[in-house]
Amino acid sequence: MSTEKLSLSNYFEQNMESWNDRVPVHLKSEFYNVDAFLKGESALTEIEQKYLGIVSGKRVLHLQCHFGMDTLSISRLGADCVGIDFSNAAIQEARKLNELCSLNATFYESNVYDTLDLGLGLFDSVFTSYGTICWLPDLDLWAKVIADSLRKNGEFYIADFHPTLYMFDFNTNQLSYPYFNTGNPFTEVESGTYADPTHEKQIVSHFWSHSLDEIINSLLNHGLQLTVFKEFDFSPYNCFPGMKQIEVNRYQFGNEALKIPHIYLIKATKIK
């Protein structure tokens, strides 16, 4: 773990390269299980399936969509979906999956912060999930993109890893990262990815810490009203070192008796 002094564009460029490197590994991984998805299995977790709500007939914007399996799973539920990701390799694969699934989702290569420049119009719902905002330094700008992409009474949905969980170095089980955002990114060089730890290529990543205070207030400050807030003591993904399976598709890190928060869920409605 380290901090680096680079320009913001360099952080984004290196992160984009790291996600481009991940794409071919993830496509082949059991973690993503693309074959099962192509046969009709949903990529949405039990949390989305319970809390996302009715999306049929709605126009949905998915920010940081990777290669689009969640986007396409929402499209299968009857939504008109647009997926955004800064990885050109991921977007190319998302378009291929869209064609293979005979769906009508649309995918754009774009940094989250540049979404409004695409001229996509307004949406009934904006969706993002799992390992997204840690790649963004400025949540005020993020929240502005969300608010300005929503129609009045439109809904925002995020389920992501809890900032308390992100404080841990999963390899040492030690608290190693700050809870509050200092403005400076952390830099890690790791071999493999969460989807395939055996992959040998080293990947450089830069990420930021964000507290619940920062996340929620950025949304409130841009005219969104909190309607649902939930915390979960499990992860639907086995994506960090040292996790233990406790039920089907439920995993925990650390001492099970402590029940530290793993996931938070926010739903918010645009009121202005």
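Residue numbering for the sequence shown follows the working numbering, beginning at 765 and increasing consecutively.
We put the beta carbon where it would ideally sit given N, CA and C, even for glycine.
Because the structure is a prediction, the values reported are computed rather than measured.
Selection from the options that minimises the alpha carbon distance to residue i
{"i": "residue 917", "options": "773, 774 and 1036", "result": "1036"}
{"i": "residue 1044", "options": "1012, 832, 972 and 953", "result": "In the structure as shown, the chain starts at 765 and stops at 1036, and residue 1044 therefore has no counterpart that could be examined."}
{"i": "residue 880", "options": "801, 784, 851 and 914", "result": "914"}
{"i": "residue 874", "options": "883, 907 and 1001", "result": "883"}
{"i": "residue 836", "options": "852, 962 and 819", "result": "819"}
{"i": "residue 997", "options": "988, 800, 1008 and 945", "result": "1008"}
{"i": "residue 988", "options": "858, 780, 950 and 906", "result": "906"}
{"i": "residue 1013", "options": "1006, 1019, 1023 and 1002", "result": "1002"}
{"i": "residue 934", "options": "1026, 909, 980 and 813", "result": "1026"}
{"i": "residue 931", "options": "877, 1017 and 995", "result": "1017"}
{"i": "residue 950", "options": "798, 898, 1011 and 824", "result": "898"}
{"i": "residue 790", "options": "821, 1019, 877 and 960", "result": "960"}
{"i": "residue 956", "options": "775, 783 and 771", "result": "783"}
{"i": "residue 803", "options": "793, 861 and 890", "result": "861"}
{"i": "residue 865", "options": "1006, 801 and 813", "result": "801"}
{"i": "residue 999", "options": "843, 990 and 1011", "result": "1011"}
Cα-Cα separation, residue i to residue j
{"i": "residue 872", "j": "residue 1021", "result": "43 Å"}
{"i": "residue 986", "j": "residue 867", "result": "33 Å"}
{"i": "residue 886", "j": "residue 777", "result": "28 Å"}
{"i": "residue 856", "j": "residue 831", "result": "8 Å"}
{"i": "residue 851", "j": "residue 780", "result": "5 Å"}
{"i": "residue 929", "j": "residue 845", "result": "30 Å"}
{"i": "residue 983", "j": "residue 936", "result": "34 Å"}
{"i": "residue 927", "j": "residue 808", "result": "21 Å"}
{"i": "residue 773", "j": "residue 895", "result": "20 Å"}
{"i": "residue 977", "j": "residue 858", "result": "33 Å"}
{"i": "residue 834", "j": "residue 771", "result": "31 Å"}
{"i": "residue 923", "j": "residue 838", "result": "15 Å"}
{"i": "residue 766", "j": "residue 948", "result": "Per-residue confidence for residue 766 stands at a pLDDT of 45, beneath the threshold of 50, marking its modelled position as unreliable; no derived number is given."}
{"i": "residue 1006", "j": "residue 795", "result": "16 Å"}
{"i": "residue 890", "j": "residue 799", "result": "27 Å"}
Residue i - DSSP class collapsed to helix/strand/coil
{"i": "residue 824", "result": "strand"}
{"i": "residue 799", "result": "helix"}
{"i": "residue 845", "result": "strand"}
{"i": "residue 1036", "result": "coil"}
{"i": "residue 935", "result": "coil"}
{"i": "residue 965", "result": "coil"}
{"i": "residue 992", "result": "strand"}
{"i": "residue 766", "result": "At residue 766, the pLDDT of 45 sits below 50, so the modelled position is not reliable; the number obtained from the coordinates is stated separately. Strand."}
{"i": "residue 1024", "result": "coil"}
Distance CB(residue i)-CB(residue j) smaller than 8 Å
{"i": "residue 848", "j": "residue 829", "result": "yes"}
{"i": "residue 758", "j": "residue 1004", "result": "With the chain represented from 765 up to 1036, any question about residue 758 goes unanswered, as that position is not in the structure."}
{"i": "residue 863", "j": "residue 1033", "result": "no"}
{"i": "residue 841", "j": "residue 921", "result": "no"}
{"i": "residue 826", "j": "residue 870", "result": "no"}
{"i": "residue 969", "j": "residue 945", "result": "no"}
{"i": "residue 993", "j": "residue 1030", "result": "yes"}
{"i": "residue 900", "j": "residue 979", "result": "no"}
{"i": "residue 975", "j": "residue 943", "result": "yes"}
{"i": "residue 785", "j": "residue 967", "result": "yes"}
{"i": "residue 854", "j": "residue 787", "result": "yes"}
{"i": "residue 878", "j": "residue 823", "result": "no"}
Residue i: first and last residue of the uninterrupted alpha helix (DSSP H) it sits in
{"i": "residue 860", "result": "852-864"}
{"i": "residue 776", "result": "772-792"}
{"i": "residue 981", "result": "976-984"}
{"i": "residue 951", "result": "Looking at the DSSP string, residue 951 is not in any alpha helix (DSSP H); the run it does join, the beta strand (DSSP E), is 950-955."}
{"i": "residue 811", "result": "810-815"}
{"i": "residue 835", "result": "833-840"}
Heavy atom of the ligand NAP within 7 Å of residue i beta-carbon
{"i": "residue 966", "result": "Looking for the ligand NAP in the displayed structure turns up nothing, as the structure carries no ligands at all."}
Residue i, enclosing beta strand (DSSP E) - first and last residue
{"i": "residue 923", "result": "914-925"}
{"i": "residue 889", "result": "887-893"}
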